Amino acid sequence: MDTSMAPPADVSNLQRIKHKLVRPPMVHAHDEVAPGEPRIVEFEMQIVEKEIEVDDGVYLQAMTFHGSIPGPLMVVHEGDYVELTLYNSPENMLQHNIDFHAATGALGGGSLTLVNPGEKTVLRFKATRPGTFVYHCAPGGPMIPWHVVSGMSGAIMVLPRDGLKDHEGNSVRYDRVFYIGENDFYIPKDENGDYKRFEDVGESYPDTLEVMNGLIPSHVVFNGKVGSLTGDNALHASQGEKVLFVHSQANRDTRPHLIGGHGDLVWERGKFNNPPQRDLETWFIAGGSAGAALYEFLQPGVYAYVNHNLIEAVNLGATAHVVVDGDWNNDLMEQVQAPAEYNANYEGKTALP
Amino acid sequence: MDTSMAPPADVSNLQRIKHKLVRPPMVHAHDEVAPGEPRIVEFEMQIVEKEIEVDDGVYLQAMTFHGSIPGPLMVVHEGDYVELTLYNSPENMLQHNIDFHAATGALGGGSLTLVNPGEKTVLRFKATRPGTFVYHCAPGGPMIPWHVVSGMSGAIMVLPRDGLKDHEGNSVRYDRVFYIGENDFYIPKDENGDYKRFEDVGESYPDTLEVMNGLIPSHVVFNGKVGSLTGDNALHASQGEKVLFVHSQANRDTRPHLIGGHGDLVWERGKFNNPPQRDLETWFIAGGSAGAALYEFLQPGVYAYVNHNLIEAVNLGATAHVVVDGDWNNDLMEQVQAPAEYNANYEGKTALP
Amino acid sequence: MDTSMAPPADVSNLQRIKHKLVRPPMVHAHDEVAPGEPRIVEFEMQIVEKEIEVDDGVYLQAMTFHGSIPGPLMVVHEGDYVELTLYNSPENMLQHNIDFHAATGALGGGSLTLVNPGEKTVLRFKATRPGTFVYHCAPGGPMIPWHVVSGMSGAIMVLPRDGLKDHEGNSVRYDRVFYIGENDFYIPKDENGDYKRFEDVGESYPDTLEVMNGLIPSHVVFNGKVGSLTGDNALHASQGEKVLFVHSQANRDTRPHLIGGHGDLVWERGKFNNPPQRDLETWFIAGGSAGAALYEFLQPGVYAYVNHNLIEAVNLGATAHVVVDGDWNNDLMEQVQAPAEYNANYEGKTALP
Ligand SMILES: [Cu+2]
Ligand SMILES: [Cu+2]
Ligand SMILES: [Cu+2]
Ligand SMILES: [Cu+2]
Ligand SMILES: [Cu+2]
Ligand SMILES: [Cu+2]
Ligand SMILES: [Mg+2]
Ligand SMILES: [Mg+2]
Ligand SMILES: [Mg+2]
Ligand SMILES: [Mg+2]
Ligand SMILES: [Mg+2]
Ligand SMILES: [Mg+2]
Ligand SMILES: [Mg+2]
Ligand SMILES: [Mg+2]
Ligand SMILES: [Mg+2]
C-alpha cells in the first residue's frame, strides 16, 4: 500500500501521552473514563524472537511482541490516536509487521509496517470503534499463520470515552482488569513421540507447518505457557471486586468459563457499542477476536478460569487460577452435609434411578 | 474449600418440595410460572458407573449421574434453593463430585461434594440467575475431562419466576420440553481398527486419554447412544404445539438445527435475562454450556434434529427425530410437481447455468 | 412425506416473476425494498456432477447446484413464494434433492424433491422469515454429509419487505452484495502423501468417507477453489460503498474477518428480525447457516477477506480479496515513519520490555 501521495493528517493540536507497556496478565494504568479530549497515545514495542519453554521440557521457537505471549494489552479511548513505534531487533532473523483489528485500511497497518531485522517504523491510527480487538503479525502468505501460532498476537482495548455501560446503558466500573491471551501451539514430535526441540525458528518451520495444517494443536495455553497463571502465578482479587477479563485468541475458537463464577456482563465479540449479555456460564470467542467479561466475585476461594473444552483446559494447558479472599456466604451455597459414608442397605433407595 | 467457619444460612422459613428426577429426554413435572415464594427444591441422585453400548457393538466404560447420559434435567425457579443429595454407590470404583454452572463459589460446588464410593453428601445452593446451565463431574486434574467425556454431565433449568419472555418481554409458554444432552466420546481402536472393549473403567483410561488428547471424537451422540432418539425412540409432538428444546454439551461446541423447522425464540447461551434471538436456522452452543430453543411446529411429519456438522450428525451419531402429527399446509410448502422424468432434449435448457 | 391429501394452496391471484440465477460471488438483480405485494418468484436449477480442480493439481469429484460451488444465491422478500424447478441431468449418476433452511416442513423440502438422474420436480414454499439461509442437498443417511462436502450447498436471502434495518431500526441500503460460500473438502491422499484423483464420484466415496469421519478437512475454500476470489478473480468496490457480504457454510463453523475493515452491521446468524451487532472485527458463522455483514469501505487498497483461523485462511485456502479504489485518508491511519534502519546502540532502549 503506497500512501505517500495522501496529504498528512494535521494532529498538531492534539495532546500526547505515552504509556509503557506491561507484561500480561497485567495492564498498564489507565482511566476508565477519558479525562478530556482525544489524544495521541504513544506506545513502543520491541519484537523479540526467542526460545521459550511452553510446558515442562517442551520448547517453542517463539516470536513475540515485546517479549511476552501474548503481547501487551494497550488501552486507549474511542477517538484517540494510537501511535506505535515498532522495533524489529537486529538480533532477530525474520521480517515482521503488525495488523491491528482496531484500525482501518492497509491490512490493519500490516502493509505499512513490514520491518526487517534492525529496522523500526511508526504507525498512527485512529481508534474509531470501542471494544477489545486483536493485533497480530501478518507478514504475508504462510508466514501469517506461522507467526501467529508462534506467539505474535496481543490485544488493544478501546474504551468508550465515558466508560463501559451495562445492558441498560448504565455506567459500570471495574476494580481490576486481567488480560488473558490464549494460544494454540503446534509442537512437532519425533519418531519416538517426544516433542522436538529446534536450533532456531527457521529450522522449526517445516515440521511445525505439517502439524499446523492438521489443525490439531499440541498445546492450548494461556499467556504462553502451561501454568503461567496457576499456582504461584495465580491472579488475585477480593470478594466484592469487579474484575474485567479481556480474552483474546488470534487463531482458534475458545470458550472461557470461570468455575464457580459467571460473566455478569459479557461482550462475546468484544465490541462495546453492543449491549452485553448477562449471567453467562460460558462465553465464546471466535478465533481472530478478543472478548470481555465482567464479574463481581461473590465468594472467596480459588477459582479456575478455563477454556471449557475440558481436554484443552486440563490436558493441553488452558487453565488459569484466581485466588479470592473474603468470607464464605452460606446463603449462596452451603455444604449441608460433608461427604460421609452411608449405609447402602438402608439409604439412597429413593435416589435410585 | 473449607466453609466450616461460615455461619449457616437460615432457611427454616422456606417451604420444601421434592422432585423425582426422570430419564432424559423427559423432564420432571414443573410449573412454568412459580406458584409462590422461593422454596427449597430437593433432588436425590445416584452416581452409577457402568458399561454402555454407545453404538452397535461399541462399548464405553461410562460414568453417569443417575444412570443416564446425560444426567437428568432439574427444573427450579430463580430465587429457589437447590438441595441435592448425591450418592456415590459403594459398587463404584472412583471418586466423583458435582460442579453446577448455575451455582456461585467453591468450584460450583465441586470442592464441597467430592465423594468416595460408599459416601454421600448434601449441597444446597441458591439459583440466582435464570437460564439453562450445565452440571458435571469435576474431581480434579485430568479426571475432569475424562469423567465428563465418560458421560458425567447434565443440566438444570432455572426459570424466571414469572416464566419465559420473548424478545419484547411478552410471556411465552411451552407445551412440551425435551432435554437433549450431546456427548463427544473418544473410543480407542485396536491395531485392526476395531473399537476396543475394556474390563473396567480404570483399564479404559490410558487408551482413552490418548484419543481424547487428539481432540477428535469417535462418536458424537445425543442422549448417550447412536439412535437413542430416533426410530422407535423418536420424540413426539403435535402441530401447533410449542416445544422447548434444552440442549447441553459439557465439553465441545455444537450447532443444533431442526430440519424443516426453526428456532422461533433461541437463547443460544441459555440465559433468560437476555432477549432471545428469532427465526434461527441453526444455533450455536459453546462447549461447557446449555442453550434453549422454542419452536411451534407448523407442519406434520418426521423432523430430524441434528448437530449441523452433518458428518457429526449422520456418521458420528448426533441425530434425533421428532414425529409430529397434524395436517399438511400447502400454503407453507407445496410439491407443485412430484419428481418425474423429463426430456432433456427439450426441457431444462433455460435452466442451464 | 406424503402431502397428496392436502388441499392445494390457491396462489392464482399472485403475480409471478422469474429470476435467472448467476454464478457466485455475484447475485442476480433484485430490489432491496419489495416493489409491491408478495409474488411467486420462480427459479430454475440444474444439478451438475463434475470433476473440479479445487487447488493446483488437486481434484474433487464434485456435485453442484447449477454448476457452481456454492450454488447461486436466490433473493426474495419476506412473504414471497419461492418456486423452484429442479433438474437432475440424465448425465448424472446420483439421486439428489434440496433442503431449504428457509422453508417449513418436509425436511425443508428434501422429502418432496428427491430426483433421480433424468427427473425434474417443482417445489413451492413461502419465505416467512427474513434472513440469509443455507440450502443443501440431503438425500438421506450418509449421502447427506457426502453430498454437502462434495459441494451441494448454496443460500437464499429473504429480505424484509421494507429492506434492511440497523440496530436502531433505521433503514440501511447496500451498494453491492457478494455471496461467499465456504466449503470444507476432504480429499484423500495415497500412500505417497499425494492427493488422489478418482474416475468418478462413486469411486471417490470410500476413501473420502474415511477422511470426512476424521473431521479434519484437507481444504477450506471460498467459492469452490483455492484462489477463486483472489488475484485476477478479486472482488471490487469503491471507497464509500456499502458492501453486503453474505457468507454461508453448510457443514463447519467459520469466522469471517475483513483485514483492515470491519463489520459495521453484522447478523451473525443471518436473521434480519434480530438487531445487528456493530463494529465487529470477526464474526462467527455456525456450521449449517448463513450470516451477513455490511461494511462501508473507508480506505482504498487491497483487502483480504478470510476465515480467521489463519491456517485455514492461508494454508488451506479460505481467502478472498477485495480491491477498493479511492483516496487514502491519513486521519484514519498514517505511516508516520516508513520502515527504516535504526541504530540499536542508541535507539529503542526505552522500548525494551
Ligand atoms: Cu512476525
Ligand atoms: Cu487478523
Ligand atoms: Cu466423576
Ligand atoms: Cu464446567
Ligand atoms: Cu446431492
Ligand atoms: Cu441443513
Ligand atoms: Mg463507530
Ligand atoms: Mg459485542
Ligand atoms: Mg502437560
Ligand atoms: Mg442475576
Ligand atoms: Mg403448558
Ligand atoms: Mg442468552
Ligand atoms: Mg455408526
Ligand atoms: Mg441474527
Ligand atoms: Mg495449497
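Chains as they are written, first to last, in our numbering: chain A, 2 to 354; chain F, 2 to 354; chain S, 2 to 354. Heads up, the beta-carbon is just placed ideally off N, CA and C, and yes, glycines get one too. Model, not experiment: these values are computed from the prediction.
In the structure shown, what three-state DSSP assignment does V23 (chain A) receive? coil
With respect to the beta strand (DSSP E) encompassing I41 (chain F), which residues constitute its N-terminal and C-terminal limits? I41 to D56
Against Q47 (chain F), what residues of chain A qualify as contacts under a CB-to-CB distance less than 7 angstroms, listed in chain order? G349, A352, L353 and P354
At 9 angstroms on the CB atoms, spell out the chain A contacts of N316 (chain F), in chain order. The contacting residues do not exist; N316 (chain F) stays about 18 angstroms from chain A at best.
Near-chain A residues of the segment 278 to 300 of chain S (beta-carbon distance less than 8 angstroms), N- to C-terminal order: Q278, R279, D280, L281, E282, T283, W284, F285, L299 and Q300
Less than 8 angstroms between the CB atoms is what I'm expecting for S229 (chain A) and V222 (chain A), so what's the real figure, rounded? 7 angstroms
Looking only at DSSP bridge pairs, what is G132 (chain F) linked to? F:V159 and F:K272
How long is the line joining the alpha carbons of V319 (chain A) and P340 (chain F), rounded to whole angstroms? Val is not the amino acid found at residue 319 (chain A); the sequence shown has Ala there. When rounded, the distance between both Cα atoms is 53 angstroms.
Three-state secondary structure (DSSP) at P340 (chain F)? strand
Output the boundary residues of the alpha helix (DSSP H) element that contains L210 (chain S). V202 to N214
Given 8 angstroms, three or more beta-carbon pairs between the segment 299 to 306 of chain A and the segment 292 to 300 of chain S: no
Relative to the C-alpha of P131 (chain F), which residue among F:T105, F:N93 and F:V77 is closest? F:V77
Interface residues of the segment 331 to 347 of chain S facing chain A [CB-CB below 7 angstroms]: N331, D332, L333, M334, E335, Q336, V337, Q338, A339, P340, A341, E342, Y343 and A345
Under three-state DSSP, which class holds M64 (chain S)? strand
Nearest by alpha-carbon distance to G164 (chain A): which of A:S154, A:T129 and A:Y175 is it? A:Y175
For N275 (chain S) and chain A, any beta-carbon pair shorter than 8 angstroms? no
Closer than 7 angstroms between beta carbons: that is the criterion. Which residues of the segment 82 to 107 of chain F meet it against chain A? E84, T86, Y88, S90, P91, D100, H102, A104, T105, G106 and A107
Over what stretch of residues does the beta strand (DSSP E) that includes H248 (chain F) continue unbroken? K243 to Q250
Does the distance from the C-beta atom of Y136 (chain S) to that of S154 (chain S) stay below 8 angstroms? yes
Which residues does DSSP pair with T86 (chain A) in a beta bridge? A:E45 and A:V123
Does ligand 4 have even one heavy atom less than 7 angstroms from the beta-carbon of I260 (chain A)? yes
Simplified DSSP assignment, three categories, for G106 (chain A): coil
Can you give me the start and stop residues for the alpha helix (DSSP H) that V150 (chain F) sits inside? M144 to V150
Suppose the cutoff is 8 angstroms on Cβ atoms and the five residues either side in sequence are ignored; what does the same chain contact list for N275 (chain F) look like? W268
Proximal chain F residues relative to K121 (chain S), where beta-carbon distance stays under 9 angstroms: Q338, P340, A341, E342, Y343, E348, G349 and A352
Measuring only from the beta carbon, is G72 (chain S) closer than 7 angstroms to any heavy atom that is part of ligand 6? no
State the CB to CB distance for the pair A238 (chain A) and V323 (chain A), rounded to an integer number of angstroms; the pair is presumed to be in contact (CB under 8 angstroms). 6 angstroms
Shortest alpha-carbon distance to A305 (chain S) belongs to which of A:T4, A:A35 and A:A139? A:A139
Report yes or no: is there a C-beta of chain A within less than 8 angstroms of the C-beta of L124 (chain F)? yes
G289 (chain S): CB within 7 angstroms of a non-hydrogen atom of ligand 6: yes
Within-8 angstroms CB hit, I53 (chain F) to chain A: no
Pairing CB atoms from the segment 65 to 81 of chain A with CB atoms from the segment 14 to 23 of chain A, are three or more of them under 8 angstroms? yes
Kindly give me the distance between the Cβ atoms of R270 (chain S) and G292 (chain S), rounded to whole angstroms, as I take these residues to be in contact under 8 angstroms. 6 angstroms
Give the single residue among S:G142, S:K127, S:H263 and S:V202 whose Cα lies nearest to the Cα of V12 (chain S). S:K127
Using a Cβ-Cβ cut-off of 6 angstroms (strictly less than) and excluding sequence neighbours within five positions of G152 (chain F), which residues of its own chain qualify? A63, M64, T65 and I70
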